[in-house]
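Comments concern the structure below.
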Amino acid sequence: MLVANRMTKHPVTIAAEELLSQAKEKMAAGRFRRLPVVSDGKLTGIITERDLRQYAGVLERTKVNAVMTEKPMTVSPETMLEDAADIMLKNQIGGLPVLHQGQLVGIITTSDVMQAFLAVMGASEGASARIDFTLQGEEHGLVEALQIVSREAGEILGVGTYREKFGADPVCYLRVLSHNAEAIAKALRQSGFEVLGVHKTGTETGMRAAG
Numbered sequence: 034m035l036v037a038n039r040m041t042k043h044p045v046t047i048a049a050e051e052l053l054s055q056a057k058e059k060m061a062a063g064r065f066r067r068l069p070v071v072s073d074g075k076l077t078g079i080i081t082e083r084d085l086r087q088y089a090g091v092l093e094r095t096k097v098n099a100v101m102t103e104k105p106m107t108v109s110p111e112t113m114l115e116d117a118a119d120i121m122l123k124n125q126i127g128g129l130p131v132l133h134q135g136q137l138v139g140i141i142t143t144s145d146v147m148q149a150f151l152a153v154m155g156a157s158e159g160a161s162a163r164i165d166f167t168l169q170g171e172e173h174g175l176v177e178a179l180q181i182v183s184r185e186a187g188e189i190l191g192v193g194t195y196r197e198k199f200g201a202d203p204v205c206y207l208r209v210l211s212h213n214a215e216a217i218a219k220a221l222r223q224s225g226f227e228v229l230g231v232h233k234t235g236t237e238t239g240m241r242a243a244g
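Going letter by letter, the sequence shown gives residues 34 to 244 in the numbering used here.
Structural data, given as structure tokens:
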């Protein structure tokens with residue numbers, strides 16, 4: 034997935050010569066935590082909610098260019114979303130301006146990344162559940178598991194793998210839309226799959242599949 038698919042396009046900006054009080058008003062109005070700073074159509078910096086807190090009491094007398102972070106890290110619309118997430122994580126920043134041919138075209142934030150993660154996992158569907166199980170070679174493969182879900186009137190929202198810890202065997206998960214995920218898990222077990230758990234969206238711990 035590309036940054037272009039998840040960024041906020043045409044973000045609200047502020048000029049370097051404006052006051053911090055004006056930046057605060059814009060953030061409050063749009064419920065933003067950061068504003069790109071633009072001068073003569075070019076990105077020159079970024080200012081965050083944290084910056085404003087540090088200058089509380091002098092917002093009416095302080096200009097944005099005295100506080101902003103100059104030459105902020107940026108990404109392009111073609112940047113992979115996971116690369117943008119890695120940049121934010123490693124540098125402990127909550128958002129990145131998006132530039133195309135030197136022009137500001139958007140902003141991508143940690144909230145955007147989290148929403149994309151939930152969408153990819155299929156977890157944004159309120160009635161969905163995640164069924165975790167192990168794949169055992171050719172005998173019990175993914176195609177068979179998908180067929181079982183379909184037979185049990187379930188709809189596949191997402192498929193993937195993960196590891197509980199480094200070096201551990203991979204676990205496959207199916208995000209399914211079903212009114213009876215436990216019935217799907219039971220059918221998988223009856224077909225020889227080792228079902229590790231059924232985790233319903235909105236529950237803290239999920240439900241362990243009965244043996």
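Even for Gly, the Cβ is constructed at its ideal location relative to N, Cα and C.
At the level of alpha carbons, what is the spacing between Gly-193 and Ala-61?
Distance between the alpha carbons of Gly-193 and Ala-61: 39 Å.
Look at the alpha carbon of Val-45 and the alpha carbon of His-232, and state the distance between them as a whole number of angstroms.
Taken atom to atom, the span from the alpha-carbon of Val-45 to that of His-232 is near 39 Å.
Please classify Glu-215: does DSSP put it in a helix, a strand, or coil?
It is helical.
What does the Cβ neighbour count give for Ser-183, buried or exposed, with the cut at 16 atoms within 10 Å?
That one is exposed.
Ignoring anything shorter than 4 residues or poking outside the region 40 to 69, list the alpha helix (DSSP H) runs there in chain order.
Taking only runs of at least 4 residues, the alpha helix (DSSP H) segments lying wholly in the region 40 to 69 are 53 to 63.
Close-in-space but distant-in-sequence residues of the same chain around Val-146 (CB under 8 Å, 5 per side omitted):
Only Arg-39, Leu-114, Ala-117, Ala-118, Met-121 meet the Cβ criterion.
Measuring only the C-alpha atoms, how far is Lys-96 from Ile-126?
The alpha-carbon separation between Lys-96 and Ile-126 amounts to approximately 22 Å.
From Val-131 to Arg-67, what distance separates their C-alpha atoms?
Our two residues, Val-131 and Arg-67, have alpha carbons roughly 13 Å apart in a direct line.
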